[in-house]
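Novice: This note's numbering applies: residue 50 is where the sequence shown begins, and numbers increase by one. Think of the CB as a built atom: it goes at the ideal place given N, C-alpha and C, for glycine as much as any other residue. The structure that follows is given in the form of structure tokens.
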Amino acid sequence: MTEDLINKKDIYFPSSLGTNDNFITLLNRATQILCDWFSNAEKYGPLTFDENFKCLMPDEYGNSTEDLFSEIQSLLNNSFNPVHPGSLAHLDPPPLIFSILGDLIAAGLNNNLLAYELSPSVTLLEESLCKWFAKKIGFNDSSGGIAASGGTLSNLNALIAARHNAGLGSDPNSVLLVSEDAHSSFIKCTRIMGLDDSNLVKIKTDNKGCMDIDNLKNSIDQCSINNKKIFVIVATLGTTVRGAIDPIKDISDICKERNIWLHIDGSIGGIFGVTSIPIEGLNNINQANSITINPQKIIGITKTSSLLLVSNMRTLENTFSTGLPYISSKENIINRGELGIQGSRPAEVIKLWLGLRSLGLKGLDDILNSSINRKDFFIKNINKNKFEIYSGPLHIISFLPKGLNTKDTDFWTQTKVNELMKNNFMISRPKFKGKYYLRVVMGNYNTNESHIEELLKILHA
Ligand SMILES: Cc1ncc(COP(=O)(O)O)c(C=O)c1O
């Protein structure tokens, strides 16, 4: 450190002595800016971005506090605002207050989930919370899980464990089976695993967007004729475009009969599995070997927050443990860097834990139920003579005008999205099986019935 830095170190780092008054002032100021941004959401709309926005890079000397706060403000002014009631495009709901606080505390703690000695309390917290989730969905005592940064990584952890468990290593004949409506990140996972698109077998879906069991059985037979070795079948619990749930019981019977690992991608719907909310098709999830639950997508745990739960923790240990020769270990405690792909990891579990502790199970039910109620209200009130609706038991609805030619869906959806945005509604237009659709995701608990009525008025016009 230079002399100058030593003198000023309390400006840059929290002080280990004294009161940290300067830091507290900065935190208060940052909190005020953030809260003003929330409070002004309705004034500015769901997405504000100025094409002249500039990204300033570090100068030779550090910038002043005033410069930094003005840059923070500029970032906020040019951002997507999830708390706006018209923010209905994606799986990015408003953040829970205690989850924001959890992020702050995790950042300040700066503990590392790589190892117990670098994060004793949060290592135990993550282990306990994963176990709590695993028990809630009906797994037994040998179950548990590991957190990761997002659904893609949790799924990837599962696929790698499944392949390892099947003893297939890097066998080029190994294949994974997913439905054609599964999330596109499975293509990425396949490539990361040293396989290619031919190792990803896509099973057809029925007219409700659920995996077709006859097609699954035929594909399995075809795999054995072609000497392809299936290491996992993935059932999706909540597809991205229409929230469909694959037939978990049937798939699990097939997996058991043939000794194949069943992974459930519950990135969207898995969280319903810890509640008693009746969702059609949401049963038997405890028959899986692993399931991804990704609470950032629906209940407002701040990004990122994803868990992979496994029925048998040994499968993760056997797959990922290499030993950490430079880190001490403690008997009966596994360093969590030994249970998944990621090494150093922040204590993200704090925001999931605090979010859930603040909501309680009742609050969790209320949030999830309210998303289903908004979906039901939208479907009840949309003109069904005019629109074809594609929706499952969860809170996602895709739709298109009846009789629209495939080639016209691009222009029509883009025109509608632009028109809605001018009216402060942000909705998405996924491309799905060659057509564009409009999609609303009803996870925003600031959206009430009168907002939905206004949205429908514009759509019906
Ligand atoms: C069903 C499903 N699985 C996986 C993912 C990937 O999650 P993430 O973006 O958190 O990696 C998504 C993303 O929307 C999803 O909808």
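Going by the C-beta, is Gly234 closer than 6 Å to any heavy atom of ligand 1?
Specialist: The sequence shown places Ser at residue 234, rather than the Gly named in the question. Yes, the beta carbon of Ser234 sits closer than 6 Å to at least one heavy atom of ligand 1.
Novice: Can you determine whether any heavy atom of ligand 1 sits closer than 6 Å to the C-beta of Ile317, and answer yes or no?
Specialist: yes
Novice: Can you find the residues in the same chain that come closer than 7 Å, C-beta to C-beta, to Ala396, ignoring five residues on each side of it along the sequence?
Specialist: Only Ala155, Leu158, Asn160, Leu162, Ser168, Val171 meet the Cβ criterion.
Novice: Could you check where the beta strand (DSSP E) with Tyr494 kicks off and where it finishes?
Specialist: From DSSP, Tyr494 is part of no beta strand (DSSP E); its letter is neither H nor E.
Novice: In chain order, what residues of the same chain have a beta carbon less than 6 Å from the beta carbon of Pro134, not counting five sequence neighbours either side?
Specialist: So the list reads Asn495, Thr496, His500, once near-sequence residues are dropped.
Novice: Taking 7 Å as the CB-CB limit, is Leu76 close to chain D?
Specialist: In the structure shown, chain D cannot be found, because there is only a single protein chain.
Novice: Hey, is Gly200 close to ligand 1, as in C-beta under 6 Å from one of its heavy atoms?
Specialist: yes
Novice: Taking the runs of the alpha helix (DSSP H) that are 4 residues or longer, which of them lie wholly in the region 244-301?
Specialist: Scanning the region 244-301 from its first residue to its last, the whole alpha helix (DSSP H) runs of 4-plus residues come out as 262-274.
Novice: Is it true that the CB of Asn206 sits closer than 7 Å to the CB of Ile19?
Specialist: The question about residue 19 has no answer, for the chain in this structure spans 50 to 510.
Novice: Nearest-angstrom Cα distance between Ala210 and Thr239?
Specialist: 13 Å
Novice: From Thr68, Phe102, Gly386, His139, pick the residue whose C-alpha is nearest to that of Gln122; which is it?
Specialist: Phe102
Novice: Would you say the region 297-308 touches the region 450-465, given that touching needs at least three Cβ pairs under 8 Å?
Specialist: Taking 8 Å as the limit for Cβ pairs, the verdict is that the region 450-465 does not touch the region 297-308.
Novice: Is it buried or exposed, Leu202, if we count other Cβ atoms within 10 angstroms and call 16 or more buried?
Specialist: buried
Novice: State whether the region 277-292 contacts the region 314-333, with contact taken as three or more CB pairs (one from each stretch) at a distance under 8 Å.
Specialist: Yes: at least three Cβ pairs fall under 8 Å.
Novice: Quick one, which of Pro63, Pro95, Ser148 has its alpha-carbon nearest Ile348's?
Specialist: Ser148
Novice: What residue does the beta strand (DSSP E) around Val224 start on, and which one ends it?
Specialist: 223-228
Novice: Could you tell me whether any non-hydrogen atom of ligand 1 is closer than 6 Å to the CB of Thr239?
Specialist: no
Novice: For Asn335, collect the residues of the same chain with a Cβ closer than 7 Å to its Cβ; drop the 5 residues on either side in sequence, then sort them by chain order.
Specialist: Ile186, Gly187, Phe188
Novice: With hydrogens ignored, establish whether the beta-carbon of Leu140 is closer than 6 Å to any heavy atom of ligand 1.
Specialist: yes
Novice: In three-state terms, what does DSSP make of Arg488?
Specialist: Strand, per DSSP.
Novice: Could you check how far apart the C-beta atoms of Gly200 and Thr351 are, in whole angstroms? I think they sit under 8 Å.
Specialist: About 15 Å; that fails the 8 Å criterion.
Novice: Could you spell out where the beta strand (DSSP E) holding Thr341 opens and where it closes?
Specialist: Residues 339-342.
Novice: Pull up the distance between the alpha-carbon of Pro131 and that of Arg212, whole angstroms please.
Specialist: 38 Å
Novice: Quick check: the Cα distance between Ile445 and Asn418, rounded to an integer number of angstroms?
Specialist: 13 Å
Novice: Look at the alpha carbon of Ile421 and the alpha carbon of Ser354, and state the distance between them as a whole number of angstroms.
Specialist: CA-CA distance, Ile421 to Ser354, rounds to 22 Å.
Novice: Of the choices Leu153, Ile73, Leu140, Ala79, whose alpha-carbon is the least far from that of Ser119?
Specialist: Ala79
Novice: Do Asp314 and ligand 1 come close, with the Cβ less than 6 Å from some heavy atom?
Specialist: yes
Novice: In chain order, which beta strand (DSSP E) runs of at least 3 residues are fully inside the region 168-216?
Specialist: 193-197
Novice: Roughly how many angstroms separate the alpha carbons of Lys424 and Pro107, rounded to a whole number?
Specialist: 46 Å
Novice: Which residue or residues does DSSP assign as beta-bridge partners of Trp310?
Specialist: Val281
Novice: If Ser223 sits next to Asn248, beta carbons under 8 Å apart, how far is it from one beta carbon to the other, in whole angstroms?
Specialist: Contact between Ser223 and Asn248 holds, since their C-beta atoms are separated by about 7 Å, short of 8 Å.
Novice: Three-state secondary structure (DSSP) at Leu75?
Specialist: helix
Novice: What runs of the alpha helix (DSSP H), each 4 residues or longer, lie entirely inside the region 94-129?
Specialist: Here the runs fully enclosed are 114-126.
Novice: Figure out for me which residue from Cys272, Asp414, Phe427, Gly258 has the closest Cα to the Cα of Pro327.
Specialist: Of all alpha-carbon atoms in Cys272, Asp414, Phe427, Gly258, the one lying nearest the alpha-carbon of Pro327 is that of Asp414.
Novice: What's the C-alpha gap between Leu449 and Glu498?
Specialist: A straight-line Cα-Cα distance of about 21 Å links Leu449 and Glu498.
Novice: Please tell me whether Pro221 and Gly492 are closer than 7 Å, where the distance is taken between their beta carbons.
Specialist: no
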